[in-house]
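Written out below as structure tokens is the structure these notes cover.
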Ligand code: FAD
Ligand code: 2HG
Ligand code: ZN
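So, in structure tokens, the structure goes:
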């Protein structure tokens, strides 16, 4: 299909036989929920695991295993390794780089049935949960006990904590609580040969040797299966305020950010931006009303979290007044209650879904120095217009219908999205590697948070030196000598 880079199946890998399936049924106690196979289930039931969230990538597995325990994962992997059967670890299957679905007939090992909370230390806030726990379920579990998850993302209703850690998800709270490299304290993993390991300890401090768990954060299923995670969770804030601003230019988005850091200080917990086209798409596809009266070229969403409502209210109101007075912003509104705060967040969190409703999506999540972030969007628009590929009055049938920019300003992370009439090679070649060249020229990262997966594997060299890639290959070989874990992804093809 046009959607895929043409990848030849690696002939070293075995194919699934009825004997293999019978063995997996033994391992999982022959529970119906544990084995989904072509022999027993429909193609649609398999499609759920074969096809990614964007419907851009589709594999051809005939077998999905959904183990319940770490011991089952261990027995499955030991067997797969012995028989050189390739596997894809999968959580909520919300990944955006084609990493969570098979390319050919790799066996999917899903964590969705491993969803127990093992413990919460209510003094330190250390939570230990199995990999298949849904992020939002964990957040609610914690909130009832006075804590919250240190990460939040639009996919929270279906992504799994194991998938979050495997993809080193960033999200909407990173500005405040930092990345998973800081908050994940330990994890339980199963290596390709079935060895179960505890990496690190559920302690704040542990300086005993190489910190091996860090390698698994962002490893995207290439080093082993993560089966449980211990994570440091902060107390939930008793006062949360949200404001939306409308500004005239990207320069003013930056000025608003500079001022927010200065004037909101320790209570600033999120600073997100999106452009006018994002607002239009969200309104077109979802039952959402625009929170501001004036139409602006750019919008900013600010959240503060603290422990003293009156203090935070006053601080945010004063901040907004000053910015309006000085004409840094042209419009602004404070959410007056939780419902309004949710409505404002809803606009920002719905951009991904709105883009997907427009048709095909090409997604790039990039880091470059903040002052140059939006120049990437402008450069992409200019190139596509030059090539006659960008829809406009003079090109009414061109395949690229929108080019939008949004993202986590506080983290220097741009989401560049193109909505298109489909995924063709011509389009792909017009965009890539052009977009990665723009990033490389600014010493940026071609993947700030979504990872490499299948999509960016060929382009790793735009962000990493040949020496670093070679060392990564040696690490991979040490953990997974037969290369059965998530093949075809992550590394450039040799
Ligand atoms: P999957 O998609 O199932 O898997 C992701 C990768 O991890 C795959 O390579 C898979 O093989 C591997 N993997 C999964 N589970 C395991 C495991 N237990 N052990 C080893 N490897 C495993 N990302 C952000 O960073 N920030 C955002 O703000 C954000 N917002 C999003 C909003 C929407 C609406 C959507 C659809 C996606 C968003 N994402 C975001 C993408 C993001 O990476 C994820 O949603 C999430 O972290 C993936 O979790 P998952 O359980 O769905 O993993
Ligand atoms: C977000 O920040 C996610 O909303 C998804 O990382 C970004 O759809 C995207 O490109
Ligand atoms: Zn994001």
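Numbering (UniProt numbering), first residue to last: 49 to 542.
Ideal Cβ positions, reconstructed from N, Cα and C, are used throughout, including at glycine.
Given residue i as reference, the closest of the options once Cα atoms are compared
i	options	result
residue 110	520, 263, 202, 133	133
residue 173	179, 190, 440	190
residue 386	378, 315, 290	290
residue 510	539, 433, 521, 263	539
residue 338	308, 62, 395	395
residue 295	378, 463, 272, 112	378
residue 499	388, 269, 447	269
residue 533	61, 177, 424, 308	61
residue 159	519, 359, 112, 185	112
residue 380	261, 368, 388, 390	368
residue 210	129, 226, 192, 164	164
residue 412	73, 87, 116, 145	145
residue 492	513, 76, 341, 247	513
residue 196	476, 280, 501	280
residue 135	120, 142, 141, 151	151
residue 537	376, 508, 122	508
residue 370	216, 357, 310	310
Whole-angstrom distance between residue j and residue i, CA atom to CA atom
i	j	result
residue 417	residue 426	15 angstroms
residue 346	residue 324	6 angstroms
residue 414	residue 401	19 angstroms
residue 506	residue 422	25 angstroms
residue 384	residue 317	18 angstroms
residue 64	residue 252	43 angstroms
residue 188	residue 83	30 angstroms
residue 314	residue 124	47 angstroms
residue 42	residue 320	The structure shown does not extend to residue 42, since the chain spans only 49 to 542, so no value can be given for it.
residue 542	residue 201	35 angstroms
residue 553	residue 444	Because the chain is modelled from 49 through 542, residue 553 falls outside the range shown and cannot be assessed.
residue 440	residue 446	8 angstroms
residue 547	residue 458	With the chain covering only 49 through 542, there is no way to say anything about residue 547.
residue 73	residue 92	21 angstroms
residue 472	residue 242	40 angstroms
residue 265	residue 275	13 angstroms
residue 429	residue 436	10 angstroms
residue 234	residue 246	7 angstroms
residue 194	residue 282	9 angstroms
residue 168	residue 143	27 angstroms
residue 343	residue 293	11 angstroms
residue 409	residue 476	11 angstroms
residue 449	residue 468	5 angstroms
residue 250	residue 214	18 angstroms
Residue burial classification, residue i (beta-carbon count within 10 angstroms, cutoff 16)
i	result
residue 49	In this prediction, residue 49 scores a pLDDT of 42, lower than 50, which makes its location untrustworthy; no coordinate-derived value is stated.
residue 47	Here the chain has residues from 49 to 542 only, and residue 47 is not among them.
residue 463	buried
residue 138	buried
residue 78	exposed
residue 301	buried
residue 277	buried
residue 154	buried
residue 365	exposed
residue 456	buried
residue 261	buried
residue 397	buried
residue 29	There is no way to answer for residue 29, as the model of the chain reaches only from 49 to 542.
residue 356	exposed
Helix, strand or coil at residue i [DSSP, three-state]
i	result
residue 50	The predicted position of residue 50 is uncertain, since its pLDDT is 46 and thus under 50; a value taken from the coordinates is nonetheless stated next. Here residue 50 sits in coil by DSSP.
residue 394	helix
residue 356	coil
residue 529	coil
residue 453	strand
residue 195	strand
residue 409	strand
residue 169	strand
residue 477	helix
residue 436	coil
residue 323	strand
residue 463	strand
residue 443	strand
residue 236	strand
residue 296	coil
residue 230	helix
residue 248	strand
residue 144	coil
residue 347	strand
residue 119	helix
residue 214	helix
Interface flag, residue i vs chain B, CB-CB below 9 angstroms
i	result
residue 146	The chain labelled as chain B is not found in the depicted structure, where only one protein chain is given.
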